[in-house]
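Notes follow once the structure below has been shown.
There are 2 protein chains.
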Amino acid sequence: MRVEVISSVNEARADRFTHRTAIVIDVLRATSTIVAALQAGSSGIYTVETVLDARALQRPADLLAGERFCRKIPGFDLGNSPDEFTPEMVQDRRIILTTTNGTRGLHKAVRADHVLAGSLLNLSACTQAALDLRRDIVLLCSGSHDEFALEDGLCAGAFVAKLQAGSPDGLEMDDFAAAMLGFYRNSTGQLYETLASGATGRRLLKLGMARDIKRCSQLDSSDIVARMQGGMLTRG
Amino acid sequence: MRVEVISSVNEARADRFTHRTAIVIDVLRATSTIVAALQAGSSGIYTVETVLDARALQRPADLLAGERFCRKIPGFDLGNSPDEFTPEMVQDRRIILTTTNGTRGLHKAVRADHVLAGSLLNLSACTQAALDLRRDIVLLCSGSHDEFALEDGLCAGAFVAKLQAGSPDGLEMDDFAAAMLGFYRNSTGQLYETLASGATGRRLLKLGMARDIKRCSQLDSSDIVARMQGGMLTRG
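From first to last, the protein sequence lines stand for chains U and W.
Here the first sequence stands for residues 1 to 236, where the numbers follow our numbering.
Here the second sequence stands for residues 1001 to 1236, where the numbers follow our numbering.
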């Protein structure tokens, strides 16, 4: 089995996904929020690029969620903080989510045979699901403003470590995967601090959202596998 | 002072170099070879993209050097192995060098106020020169075949560590610089092994060029500052 890591949505050419399982990563915060929403009982999450698309897709019982520049969109039911997605709010509800980077990442990966939403929260569950699908794997770091984001690279490195541990016959990797693995190993035991030190982390701290960073750094706190099926992310 | 790291030549937009000092990195092997050539007494190195350009630029006493797919170009005086560049061969001679990736990196960086060729060999000397130039710094990983190369990322991380140690007032860095710093720290004491494990390293091993990898991993074995002036790299 082989794993490759793509550094940002900008770098994601469609042909890199063909015949692969894609794990899309947007630790702060889209894919962490998706995992939290499914954990809280949401029946599924549609991700869309624009506020107009979100409103167009909404059926009466659906919830609208999303952020622009880290803040909740005016008139929406929910922002993009995992803690907002409680069972009381989202149980058996469909959610239409629009975020800046994670959504673009999920849409870029559609050419893959399977698309999973990965985060630190569901690292082990998502890794096991990817191994069970028996395809080569491509980890897509969504990044921020078309640039590499520290937190997504860290999570990609964590996935490479976990995939390696789960591959008794060895795991081939590209150079970027090897670098992210080294970066992750150097950050062991400092996940929160590393997340908080990146550009997005510092922006969230400034906005008083340290709690989101804490929540998104809780390794393996969920056994949810978030899988794209028919355009919607559901428990896979 | 701020440092940014660009992951490959492909990612290098011209505007990222404006008002900066650029350190161009191609550890295996162009920038290591440039440092070795200047160390051995070459009067300067022109880097060009094509074999035709190299031949067009050659004056009678000049040496032609370069590789394609890791091998010496037929009819050229030298390949791209640092060990070939001995004082007997290159003392007081001008060299026209054409390589696949490093050359493109050096040409991409021309918009910078200052352009230096960096490698593990001249890490401390090059870092000190860059600090003395008092500009923000951009480290350009040349990469390989338009992709990130492990050895260049490792060297970029080493530069970030050295720049940080030499910045008593603190060093700002972008997310990619922080990730490469973590990757480098995780590889301390394993420079050769890390270089040998990447895609280019494995290719050189297959071609029987382990000696080149060894040579290129000799941290701080040279005090050469290789600086671009008038289109030529000279001792700066």
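Note that the Cβ used here is the ideal one computed from N, Cα and C, for glycine as well.
The model shown is predicted, which means the values in this text are computed figures rather than measured ones.
| message | With a threshold of 8 Å between beta carbons, is Phe17 (chain U) in contact with chain W? | response | For Phe17 (chain U), the answer is no, since every Cβ of chain W falls outside 8 Å of its Cβ.
| field | Three or more C-beta pairs below 8 Å linking the segment 1179–1190 of chain W and the segment 1138–1158 of chain W | value | The segment 1179–1190 of chain W is in contact with the segment 1138–1158 of chain W.
| Any beta-carbon of chain U closer than 8 Å to the one on Ser1217 (chain W)? | It does not; no Cβ of chain U falls within 8 Å.
| message | Quick check on DSSP: helix, strand or coil for Gln229 (chain U)? | response | The answer is strand: DSSP assigns Gln229 (chain U) an E or B state.
| Is Lys162 (chain U) closer than 8 Å to Arg124 (chain U) when the C-beta atoms are compared? | Here the sequence assigns Ser to residue 124 (chain U), which means Arg is not the residue at that position. A contact, by the Cβ cut-off of 8 Å.
| field | Partners in chain U for Asn1186 (chain W), counting only beta-carbon separations shorter than 8 Å | value | Correct list: Gly182, Phe183, Arg185, Asn186.
| Residue nearest to Val1051 (chain W) in terms of C-alpha spacing, selected from W:Leu1097, W:Val1110, W:His1107 | For Val1051 (chain W), the nearest C-alpha among the options comes from W:Leu1097.
| said: Going by DSSP in three states, Met1180 (chain W) sits in which element: helix, strand or coil? | reply: The three-state reading of DSSP puts Met1180 (chain W) in helix, counting H, G and I together.
| Are the beta-carbon atoms belonging to Thr1047 (chain W) and Gly1102 (chain W) less than 8 Å from one another? | Against a cut-off of 8 Å, the Cβ pair of Gly1102 (chain W) and Thr1047 (chain W) comes out as a contact.
| said: Please list the terminal residues of the continuous alpha helix (DSSP H) segment that includes Glu1088 (chain W). | reply: Run containing Glu1088 (chain W): 1087–1090, per the alpha helix (DSSP H) assignment.
| Can you tell me the Cα-Cα spacing of Ser187 (chain U) and Ser197 (chain U), whole angstroms? | The alpha-carbon atoms of Ser187 (chain U) and Ser197 (chain U) are separated by roughly 12 Å.
| field | Neighbourhood of Leu106 (chain U) by C-beta, 6 Å cutoff - its chain only, sequence neighbours within 5 removed | value | Excluding sequence neighbours, Leu106 (chain U) sits near Val24, Thr47.
| query | Exposed or buried, which one is Gly1170 (chain W) when buried takes at least 16 other CB atoms within 10 Å? | reply | Classification of Gly1170 (chain W): exposed, given that the 10 Å Cβ count is below 16.
| Minimum C-alpha distance to Asp1132 (chain W) - residue among W:Gly1066, W:Tyr1192, W:Arg1013, W:His1114 | Considering only alpha carbons, the answer is W:His1114.
| request: Assuming Gly1066 (chain W) contacts Ala1054 (chain W) (C-beta within less than 8 Å), just tell me the rounded distance between them. | output: Gly1066 (chain W) to Ala1054 (chain W), Cβ: 7 Å. Contact.
| Name the residues in the segment 1191–1223 of chain W whose C-beta lies less than 7 Å from a C-beta of chain U; which are they? | If you check each beta-carbon in the segment 1191–1223 of chain W against every beta-carbon of chain U, the ones closer than 7 Å belong to Ser1197, Gly1198, Ala1199.
| When you check each C-beta in the segment 160–176 of chain U against every C-beta of chain W, which residues fall closer than 9 Å? | From the segment 160–176 of chain U, only Asp174, Asp175, Phe176 have a Cβ closer than 9 Å to chain W.
| Whether Asp1146 (chain W) touches Ile1095 (chain W) by CB criterion (8 Å) | Not closer than 8 Å, so no.
| Does DSSP put Thr234 (chain U) in a helix, in a strand, or in coil? | Thr234 (chain U) sits in a strand when the DSSP states are folded into three classes.
| Is the distance from the Cβ of Asn1122 (chain W) to the Cβ of Ala1226 (chain W) below 8 Å? | Result yes, Cβ atoms of Asn1122 (chain W) and Ala1226 (chain W) sit closer than 8 Å.
| Opposing strand residues paired with Met173 (chain U) [DSSP bridges] | The partner list for Met173 (chain U) (beta bridge, DSSP) reads U:Val3.
| What does Leu1150 (chain W) reach in chain U if we use C-beta pairs closer than 7 Å? | Per Cβ cutoff of 7 Å: Asp175, Ala178, Ala179.
| query | Would you say Ser7 (chain U) faces chain W, with C-beta separation under 8 Å as the test? | reply | Chain W contact via Cβ: present.
| query | Beta-carbon of Gly153 (chain U) versus every beta-carbon of chain W: anything under 8 Å? | reply | Chain W, which has a Cβ nearer than 8 Å to the Cβ of Gly153 (chain U), makes this yes.
| request: Would you give the residue range spanned by the alpha helix (DSSP H) that Thr132 (chain U) belongs to? | output: Here residue 132 (chain U) is Asp; the residue named in the question, Thr, does not match the sequence. Per DSSP, Asp132 (chain U) belongs to the alpha helix (DSSP H) from 123–132.
| Same chain only: Cβ atoms within 8 Å of Asn1010 (chain W), ignoring 5 sequence neighbours per side | Cβ within range, chain order: Gly1143, Asp1146, Glu1147.
| field | Residues that DSSP places opposite Ser144 (chain U) in a beta bridge | value | Ser144 (chain U) is bridged by DSSP to U:Glu147.
| said: Give me, in chain order, the residues of the same chain whose beta-carbon lies closer than 7 Å to that of Ile224 (chain U); leave out the 5 immediate sequence neighbours on both sides. | reply: Within the same chain, Ile224 (chain U) has close Cβ partners Val35, Leu38, Gln39, Asn122, Ala125, Arg235.
| said: Please list the terminal residues of the continuous alpha helix (DSSP H) segment that includes His114 (chain U). | reply: Looking at the DSSP string, His114 (chain U) is not in any alpha helix (DSSP H); the run it does join, the beta strand (DSSP E), is 114–118.
| message | Under DSSP, the beta strand (DSSP E) around Arg1094 (chain W) begins and ends at which residues? | response | Segment 1094–1098, the beta strand (DSSP E) holding Arg1094 (chain W).
| request: With 8 Å as the threshold, decide whether the Cβ of Leu1116 (chain W) is near any Cβ in chain B. | output: Among the chains of the structure shown, chain B does not appear; the protein chains present are U and W.
| query | Roughly how many whole angstroms lie between the Cα atoms of Arg1134 (chain W) and Thr1127 (chain W)? | reply | Whole-angstrom Cα-Cα distance: 11 Å.
| query | With respect to the beta strand (DSSP E) encompassing Leu78 (chain U), which residues constitute its N-terminal and C-terminal limits? | reply | No beta strand (DSSP E) contains Leu78 (chain U), which DSSP labels as neither H nor E.
| query | Between U:Gly231, U:Met209, U:Ala109, which lies nearest to Glu84 (chain U) when the distance is taken from Cα to Cα? | reply | Nearest of U:Gly231, U:Met209, U:Ala109 to Glu84 (chain U), Cα basis: U:Met209.
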